[in-house]
Amino acid sequence: MLIDCHVHINNYDSTQLADPRQTADKLFAAMQESGVSHAVILTSYFVNEHRPHVDEAIALLGDDPRVTLIEGLRWRVDDTRTDLFRMEERIAAGQVRGIKLYPGYDKYAINDPSLEGVMRIAAKHKVPVMIHCGDTYSKHAKLRQAHPLLVDDLAVDYPDVDFVICHLGNPWFQDTAEVLYKNDNVYADISGLTLGDFHYEFERYMVQRVRDMITYMGDPGRQLLYGTDWPLAGMKTYRKFFDSLELDEDARDNIAWRNAARLFRIDVERLR
Ligand SMILES: [Zn+2]
Numbered sequence: 004m005l006i007d008c009h010v011h012i013n014n015y016d017s018t019q020l021a022d023p024r025q026t027a028d029k030l031f032a033a034m035q036e037s038g039v040s041h042a043v044i045l046t047s048y049f050v051n052e053h054r055p056h057v058d059e060a061i062a063l064l065g066d067d068p069r070v071t072l073i074e075g076l077r078w079r080v081d082d083t084r085t086d087l088f089r090m091e092e093r094i095a096a097g098q099v100r101g102i103k104l105y106p107g108y109d110k111y112a113i114n115d116p117s118l119e120g121v122m123r124i125a126a127k128h129k130v131p132v133m134i135h136c137g138d139t140y141s142k143h144a145k146l147r148q149a150h151p152l153l154v155d156d157l158a159v160d161y162p163d164v165d166f167v168i169c170h171l172g173n174p175w176f177q178d179t180a181e182v183l184y185k186n187d188n189v190y191a192d193i194s195g196l197t198l199g200d201f202h203y204e205f206e207r208y209m210v211q212r213v214r215d216m217i218t219y220m221g222d223p224g225r226q227l228l229y230g231t232d233w234p235l236a237g238m239k240t241y242r243k244f245f246d247s248l249e250l251d252e253d254a255r256d257n258i259a260w261r262n263a264a265r266l267f268r269i270d271v272e273r274l275r
């Protein structure tokens, strides 16, 4: 069983329009082709004709057992910021089962004090907070604000909240390994380590980085999660990358689906 904990239904090809329904259909085809049983969809930090609002994602996919929705926080760059009261309603209703932050892209730092209300909602409803960390797809984003070491501040200040460092904090793998080693309430997903398909040399490089992290932090099955960042990264290439890590069976199953199922409260009996 494989759960992809990090996918998007945004259209990243600005030369042509694609509605979210078309992108979702492509997602389901990719999942089937790659043997992915369930995907966690993260909505964006802004809304336009290429990026659906969370309410649109709920209307489209809210009842689909193949996916879980995570609400992207809209905080600084959009003309409308997330109404936290409405976000809490969506969380309480189970329409979304987590929050995604886009620090750096959205021009705030991971440990920005303005996020306190967001963290209180996450703690109250016991939903994880996923955080974009490390390299940014956009040249307009600010890297320092998305450094994984800052997740340590949140982990300490909000011990009742589970956090997910996305992309292993690439390229600050050692910092991420330390934040994971130190904090039991921090997880990390392996998504987005390449754009498109892995080239051979780069795959070897990334496999070694992940192995170095494991050497430092110990059991990788405790806190790592499988994810791709589809459609930015390919699902097939990611399965191959995951296999190349040559993990023992228990750690592999934890990363492939057990940790995600627990964190996002995914009913795996329905997936079998
Ligand atoms: Zn992503």
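Add 3 to the 1-based position in the sequence shown for the working numbering, that's all there is to it.
Note that the Cβ used here is the ideal one computed from N, Cα and C, for glycine as well.
Proximity winner among the options, relative to residue i (alpha-carbon distances)
i: Leu76; options: Lys142, Leu87, Asp163; result: Leu87
i: Ile94; options: Asp7, Leu146, Pro131, Pro234; result: Pro131
i: Asn114; options: Asp270, Ala191, Arg147, Gly65; result: Arg147
i: Phe166; options: Ser117, His150, Asp187, Asp82; result: Asp187
i: Met220; options: Val189, Ser117, Arg261; result: Val189
i: Gly224; options: Tyr241, Gln25, Leu250; result: Leu250
i: Met4; options: Arg69, Val39, Glu52; result: Val39
i: Ala112; options: Ala149, Ala126, Phe267, Pro68; result: Ala149
For residue i: DSSP bridge partner residues
i: Glu74; result: Ile102
i: His170; result: Note: His170 sits in no beta bridge, so no partner.
i: Asn51; result: Arg54
i: Ile134; result: Leu104, Ile168
i: Trp260; result: None, per the DSSP bridge assignment.
i: Asp178; result: BP columns for Asp178 are empty, so no partner.
i: Ala236; result: Gly199
i: Ile269; result: Answer by DSSP bridge pairing: none, since Ile269 is not bridged.
i: Leu279; result: Outside the displayed range of the chain (4 to 275) lies residue 279, so it cannot be described from this structure.
i: Ala191; result: Ile168, Leu227
Within 8 angstroms, strictly: CB atoms of residue i and residue j
i: Val43; j: His9; result: yes
i: Arg84; j: Lys110; result: no
i: Trp260; j: Ile73; result: no
i: Leu63; j: Pro106; result: no
i: Asp155; j: Val182; result: yes
i: Leu104; j: Ile134; result: yes
i: Gly195; j: Asp232; result: yes
i: Ile193; j: Val164; result: no
i: Ile12; j: Pro68; result: no
i: Val210; j: Leu248; result: yes
Legend entry - Inter-stretch contact at 8 angstroms, needing at least 3 Cβ pairs: the region 223 to 230 / the region 30 to 37: no
Inset, instruction - Taking 8 angstroms as the threshold, find out whether the region 12 to 30 comes into contact with the region 192 to 202 through three or more Cβ pairs. - result: no
Inset, instruction - Name all residues in chain order for which at least one heavy atom of ligand 1 lies closer than 7 angstroms to the residue's CB. - result: His9, His11, Leu45, His135, Cys169, Ser194, Gly195, Asp232, Leu235
Inset, instruction - Could you tell me whether the region 116 to 130 touches the region 148 to 163, where touching means 3 or more Cβ pairs closer than 8 angstroms? - result: yes
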